[in-house]
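**Student:** Take 26 as the starting number for the sequence shown in my numbering and just add one per residue.
Beta carbons are placed, not taken as given, at the ideal position from N, Cα and C, and that holds for glycine.
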Amino acid sequence: MNISIAMATYNGEKYLAEQLDSILSQSQVPNEIIIVDDYSTDDTWQILQSYAKNNSTIKIYQNESNLGACQTFNKAILLTTGDLIALSDQDDVWLPNKLAVLMANISDNLLIHSDAYIVDEKLNVISQTFKKGVMSQQNFIDYLFANNVTGCTCLFKRELINLALPIPTGFYIHDHYLAIAASYFGKLNYLSIPLIKYRQHSNNQIGKNYQVSFDKFKEARQKVGSSLKLLANASFFSQTQTTIQLVAEYHLAIARCTWGNNYRLLDILQLKGGVKYFLSLLALTGFGNNKLAKLMYNWLKR
26 MNISIAMATY NGEKYLAEQL DSILSQSQVP NEIIIVDDYS TDDTWQILQS YAKNNSTIKI
86 YQNESNLGAC QTFNKAILLT TGDLIALSDQ DDVWLPNKLA VLMANISDNL LIHSDAYIVD
146 EKLNVISQTF KKGVMSQQNF IDYLFANNVT GCTCLFKREL INLALPIPTG FYIHDHYLAI
206 AASYFGKLNY LSIPLIKYRQ HSNNQIGKNY QVSFDKFKEA RQKVGSSLKL LANASFFSQT
266 QTTIQLVAEY HLAIARCTWG NNYRLLDILQ LKGGVKYFLS LLALTGFGNN KLAKLMYNWL
326 KR
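Now the structure itself:
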């Protein structure tokens, strides 16, 4: 089976070469590396041109304006031709067997993802795991409430592209969308094996932050809720539009710290695993009290 890499770049000159070298050094050599640059203002494009000149598997494209990570990844994915597609950030380092291990284990799943080492700017290991306690979620409902798929650790089949892409404009991040779609149309698998060095530095768009503030948490819930409302109008999720709308309201209620008189949220109790999600709704809205909600959030994340 042919394998493609889809990468999005933006002002990534500092670590880009290390990431590309680790991809080119894979034991399972990719058939093509599709890179879309999101209108960088540093030397990222020049670095990409140099690599593309010396390696025929690398094909580079540049946006005419800044589109953001989600739509840039969407464009890169749609440009791939392989049977299997792996996503790459611009600042990590892949272990040499990453692609081979994921390919060997994807089986009948639409998507597979792995654990990762958390490293600092100089690749010193901060943590041996990125996804401590993560289980292989199979339930579509669970992926509406929370995402455990990190794009740079995943591999998925072209079938998923044919079923669910393009990513709706305005959706907040690509990996959560792919996780939702894969769990809706098929199956996912999780390997508790670290296959990349997931670099943490000051310029990460999204990183492993163990001290996410309550305000940032609410901001994230707002983005998730608004994004799910987009899915509720998507034709290929037609059979679950009511459920998607309900979970969107759940996230937005947490962002507002109140669910007010929206008694429809009681319907969460009817969903698989709904009791735990309803209890989290009560806790994270603080029964309408922002200070209590913040206390509950800080207690729950310990």
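In angstroms with no decimal places, state the Cα-to-Cα distance between residue 280 and residue 140.
**Tutor:** Using only the alpha carbons, I get a separation of about 29 angstroms.
**Student:** What separation, rounded to the nearest whole angstrom, lies between the Cα atoms of residue 309 and residue 130?
**Tutor:** Going by the C-alpha atoms only, they are around 37 angstroms apart.
**Student:** Ends of the alpha helix (DSSP H) at residue 171?
**Tutor:** Run containing residue 171: none; DSSP gives neither H nor E here.
**Student:** Could you tell me whether the Cβ atoms of residue 84 and residue 59 are closer together than 8 angstroms?
**Tutor:** In this structure, residue 59 lies closer than 8 angstroms to residue 84 by Cβ.
**Student:** Give a yes or no on contact between the segment 212-227 and the segment 132-151, applying the rule of three or more CB pairs nearer than 8 angstroms.
**Tutor:** With the cut-off at 8 angstroms, the segment 212-227 and the segment 132-151 touch.
**Student:** Does the count of Cβ pairs from the segment 198-208 and the segment 163-179 closer than 8 angstroms reach three?
**Tutor:** The segment 198-208, when compared against the segment 163-179, does touch it at the 8 angstroms Cβ threshold.
**Student:** So does the segment 238-258 actually touch the segment 317-325, counting three or more Cβ pairs closer than 8 angstroms?
**Tutor:** A contact exists between the segment 238-258 and the segment 317-325.
**Student:** Whose CA, out of 293, 257 and 256, lies closest to the CA of residue 303?
**Tutor:** Ranking the options by Cα distance to residue 303, first place goes to 293.
**Student:** Can you list the beta strand (DSSP E) stretches of 3 or more residues lying completely in the segment 76-136, in chain order?
**Tutor:** Segments of the beta strand (DSSP E) lying fully in the segment 76-136: 83-87 and 109-113.
**Student:** My guess is that residue 37 and residue 112 are in contact by the Cβ rule of under 8 angstroms, so how many angstroms apart are they, rounded?
**Tutor:** The Cβ separation is near 15 angstroms, so there is no contact.
**Student:** Leaving aside the five residues before and after residue 41 along the sequence, list all residues of the same chain whose C-beta is less than 8 angstroms from its C-beta, in chain order.
**Tutor:** The residues are 34, 69, 72, 73, 115 and 116.
**Student:** Under 6 angstroms Cβ to Cβ from residue 61, same chain only, skipping five residues before and after it: list those, please.
**Tutor:** The residues are 33, 86, 97, 100 and 101.
**Student:** Taking Cβ to Cβ, would you say residue 124 is nearer than 8 angstroms to residue 28?
**Tutor:** Yes; because the gap between Cβ atoms is below 8 angstroms, this pair is in contact.
**Student:** Taking only the alpha-carbon atoms, compute the straight-line gap between residue 51 and residue 108 and give it to the nearest angstrom.
**Tutor:** Near 18 angstroms, if we compare the C-alpha coordinates of residue 108 and residue 51.
**Student:** Comparing C-alpha positions only, which one of 80, 169 and 132 sits nearest to residue 270?
**Tutor:** Residue 169 is the option with its Cα nearest to residue 270.
**Student:** With a threshold of 16 other CB atoms inside 10 Å of the CB of residue 67, please say whether the residue is buried or exposed.
**Tutor:** With fewer than 16 Cβ atoms within 10 Å of its Cβ, residue 67 is classed as exposed.
**Student:** State the DSSP-derived secondary structure class of residue 35, mapped to helix, strand or coil.
**Tutor:** Three-state DSSP puts residue 35 in coil, outside helix and strand.
**Student:** If we count the other Cβ atoms within 10 Å of its Cβ and call it buried at 16 or more, is residue 252 buried or exposed?
**Tutor:** Buried, because 16 or more other Cβ atoms sit within 10 Å of the Cβ of residue 252.
**Student:** Roughly how many angstroms lie between the CA atoms of residue 44 and residue 264, to the nearest whole one?
**Tutor:** Each residue's Cα considered, the two are about 40 angstroms apart.
**Student:** Classify residue 28 as helix, strand or coil using the three-state DSSP reduction.
**Tutor:** Residue state, collapsed to three classes: strand.
**Student:** With 16 as the cutoff for other CB atoms within 10 Å, does residue 200 come out buried or exposed?
**Tutor:** Buried is the call here.
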